[in-house]
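Using the numbering used here, read the sequence shown as starting at 10 and increasing by one per residue.
Read the structure below first, then the notes.
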Amino acid sequence: MRITLGVTDNAWADFLRARDHVTEANFWVPSAQRFTGRASLDEPFLFKTKSPREGLVGGGFFAGYYEQRVSEAWAVFGTGNGVDSEAALLRAIRTYRERTRKPFHPDPTIGCVVLRNIFFAPEGDELPAPEHWGRSIVQGKTYDDTDPDWHYVLHAFRAFQGGARVDHVWDRDLVAVDLDRDDARFGAPVLTQHRLGQGSFRLAVLDAYENRCAITGSRMAPVLQAAHIRPYAGGGEHVVTNGLALRSDIHGLYDRGYLGVDEKYRLRVSPRLNADFGNGVEFYSREARGEVIRLPLRGVDRPDHESLTWHMDEVFLSA
C-alpha cells in the first residue's frame with residue numbers, strides 16, 4: 010500500500026470539513042496536467058495544508074484522475090470542489106493561473122483528482138507535516154514503506170480514517186481497513202470495496218467511452234451524460250459496467266424504454282417511439298443496419314450482459 014499527500018489551501022479544506030454531507034471531493038489542480046503524486050485506485054490520499062497552518066488535516070481514497078472544464082467539474086461535483094459556486098471555483102483557478110502569466114480561458118480545463126469517502130481530523134487534532142517534507146514540493150508526494158516518513162504518514166492515516174464519510178447505501182460494505190502487510194487491522198470501519206460516487210461514476214463512464222455518445226458517436230460534452238443501465242434506485246450500482254455514455258435526449262429515451270441495447274450490444278428501438286411521437290427515423294435506420302453501439306476499448310469496462318438483459322426485459326417497450 011502507498012499513501013499520497015496532496016498540497017491544498019486552508020480555505021478548501023475548511024470548506025469541506027464544515028460540510029459533512031459531502032462524501033466525494035474534487036482535489037483540483039489549476040491546469041490540465043497530471044498530478045505529480047503516484048496514487049493508484051483506492052489508495053489513501055491525505056490533505057496537507059499550506060502556510061500558515063501547514064499540517065495534515067484529513068484525506069480520502071483515490072478514485073481517479075480526469076481533465077474537465079470548470080463548468081463540467083462544477084456540474085459533476087458542485088460544492089465537492091471546495092467552494093460554494095462555479096464563479097468562486099473560476100476565481101480560485103484564475104488566481105493560481107495569473108501567477109503563470111498565461112492567457113486565461115473563460116472556461117479552462119483543469120485536472121480533477123477525485124477522492125471518495127473523504128475524512129477530516131477534528132478541530133485541534135491536526136498533525137504536523139512529515140519531518141522530511143521538502144519545501145520544494147508543490148503538488149504532493151507518494152509514500153511507501155521505504156520512505157523514512159512512512160510510519161508517520163501511516164500513523165496519520167490511522168488517526169484520521171475512522172471519520173470517513175460513507176454514502177448510506179454502501180453501509181453493507183463497511184469493514185476495517187487492512188493497513189499492514191501482516192494483515193493486522195486498525196481503526197474504525199471504512200469502505201474498502203471500491204464504490205464510485207455519483208460524480209466519479211459520470212467521469213469514469215464518459216472516460217471509458219472516450220467522451221462520445223455510445224449510440225451516435227457525438228462528442229458534445231455539455232450534453233453527454235452517464236446513464237445507468239439498471240437504475241440506481243432499482244438496485245443498480247455506480248460501476249462503469251452499469252453505465253452508458255449517452256446524449257441527454259437519448260438518455261431520456263433509454264430510461265423510458267424507447268431505446269435499448271441487447272446482450273450483443275445492438276441498438277434496439279421500440280415500435281412505441283414512432284407510435285407515440287411519429288418520429289425516430291435516425292434510430293430505426295441504425296437498428297435496421299444492425300448497428301452495434303460504440304464500446305469502451307477495455308473489455309472490463311463494457312456493459313454487463315445481465316444488466317442489459319434486465320433493461321430489455323423490465324424497461325424496454327417491446328410493444
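Backbone N, C-alpha and C define an ideal beta-carbon position, used for all residues, glycine too.
Which of helix, strand or coil DSSP assigns to residue i
{"i": "Ile-238", "result": "coil"}
{"i": "Trp-179", "result": "The predicted model places Trp-179 with a pLDDT of 43, which falls under 50 and marks its position as unreliable, so this point remains unresolved."}
{"i": "Glu-323", "result": "helix"}
{"i": "Val-16", "result": "strand"}
{"i": "Ala-197", "result": "Note that Ala-197 has pLDDT 44, beneath the 50 cutoff, so the model's placement of it is unreliable and the number below is only indicative. DSSP places Ala-197 in strand when its eight states are reduced to three."}
{"i": "Leu-215", "result": "helix"}
{"i": "Asn-126", "result": "strand"}
{"i": "Val-162", "result": "helix"}
{"i": "Trp-142", "result": "coil"}
{"i": "Val-232", "result": "helix"}
{"i": "Glu-291", "result": "helix"}
{"i": "Glu-33", "result": "strand"}
{"i": "Gly-206", "result": "coil"}
{"i": "Leu-306", "result": "coil"}
{"i": "Gly-120", "result": "strand"}
{"i": "Gly-149", "result": "strand"}
{"i": "Leu-4", "result": "Lying before the first or after the last residue shown, residue 4 is absent from the chain, which here runs from 10 to 328."}
{"i": "Val-184", "result": "Note that Val-184 scores a pLDDT of 41, beneath 50, so its modelled location is shaky; the value from the coordinates is reported in the next line. In the structure shown, Val-184 sits in a strand (DSSP, three-state: E or B)."}
Contact set for residue i: own chain, Cβ-Cβ below 8 angstroms, skip 5 residues either direction
{"i": "Ser-49", "result": "Arg-11 and Phe-71"}
Closest by C-alpha distance to residue i, when choosing among the options
{"i": "Lys-150", "options": "Arg-295, Thr-318, Val-16 and Phe-292", "result": "Val-16"}
{"i": "Pro-39", "options": "Lys-57, Arg-26, Val-79 and Gly-64", "result": "Val-79"}
{"i": "Arg-281", "options": "Cys-222, Ser-294, Phe-56 and Leu-262", "result": "Leu-262"}
{"i": "Pro-139", "options": "Val-162, Gly-308 and Pro-61", "result": "Val-162"}
{"i": "Ala-165", "options": "Glu-135, Leu-306 and Gly-143", "result": "Glu-135"}
{"i": "Trp-142", "options": "Gly-269, Asp-154 and Asp-158", "result": "Asp-158"}
{"i": "Thr-32", "options": "Leu-253, Gln-207 and Gly-252", "result": "Gln-207"}
{"i": "Met-145", "options": "Asp-156, Ala-130 and Lys-59", "result": "One detail in the question is off: residue 145 reads as Ser in this sequence, not Met. If we check each option's Cα against that of Ser-145, Lys-59 comes out closest."}
{"i": "Ala-34", "options": "Gly-269, Leu-205, Ala-41 and Ile-102", "result": "Leu-205"}
{"i": "Glu-315", "options": "Arg-307, Tyr-293, Tyr-274 and Gly-133", "result": "Tyr-274"}
{"i": "Val-85", "options": "Arg-307, Glu-323, Met-321 and Arg-211", "result": "Arg-211"}
{"i": "Pro-330", "options": "Asn-19, Ala-130 and Asp-154", "result": "This structure leaves residue 330 out entirely; the chain is present only between 10 and 328."}
{"i": "Lys-57", "options": "Arg-108, Ser-209, Glu-219 and Val-147", "result": "Val-147"}
{"i": "Ile-224", "options": "Pro-112, Val-301 and Arg-307", "result": "Val-301"}
Whether residue i touches residue j by CB criterion (8 angstroms)
{"i": "Ala-236", "j": "Asp-264", "result": "yes"}
{"i": "Val-309", "j": "Gly-252", "result": "no"}
{"i": "Ala-168", "j": "Arg-221", "result": "no"}
{"i": "Arg-100", "j": "Gly-226", "result": "no"}
{"i": "Gly-67", "j": "Phe-128", "result": "yes"}
{"i": "Gly-287", "j": "Phe-325", "result": "no"}
{"i": "Arg-311", "j": "Glu-296", "result": "no"}
{"i": "Val-122", "j": "Tyr-152", "result": "no"}
{"i": "Arg-9", "j": "Val-232", "result": "Since the first residue of the chain shown is 10 and the last is 328, residue 9 is not available in this structure."}
{"i": "Asn-377", "j": "Ala-97", "result": "Residue 377 cannot be examined here, being either before or after the span of the chain that is shown, 10 to 328."}
Contacts around residue i, its chain only, beta-carbon distance under 6 angstroms, and the 5 residues preceding and following it disregarded
{"i": "Gly-91", "result": "Trp-21, Phe-24 and Leu-25"}
{"i": "Gly-245", "result": "His-237, Arg-239 and Asn-251"}
{"i": "Tyr-241", "result": "none"}
{"i": "Asp-116", "result": "Arg-78, Val-79 and Ser-80"}
{"i": "Thr-118", "result": "Ala-41, Glu-76 and Arg-78"}
{"i": "Phe-292", "result": "Val-278"}
{"i": "Glu-95", "result": "Trp-83"}
{"i": "Ala-217", "result": "Val-249, Pro-305 and Asp-310"}
Contacting residues, own chain, Cβ-Cβ under 7 angstroms from residue i (five flanking each side not counted)
{"i": "Thr-318", "result": "Glu-272"}
{"i": "Ala-328", "result": "Pro-280"}
{"i": "Phe-54", "result": "Thr-13, Gly-15, Ala-48, Gly-68, Gly-69, Phe-70, Phe-71 and Leu-124"}
{"i": "Gln-234", "result": "Leu-255, Ser-257 and His-260"}
{"i": "Arg-28", "result": "Thr-88"}
Inset, instruction - Would you mind listing the beta strand (DSSP E) stretches within the stretch 52-117 that are 3+ residues and don't spill past its ends, in chain order? - result: 53-58 and 64-78
Inset, instruction - Any chance you could list the alpha helix (DSSP H) runs of at least 4 consecutive residues sitting entirely within the stretch 245-283, in chain order? - result: 257-264
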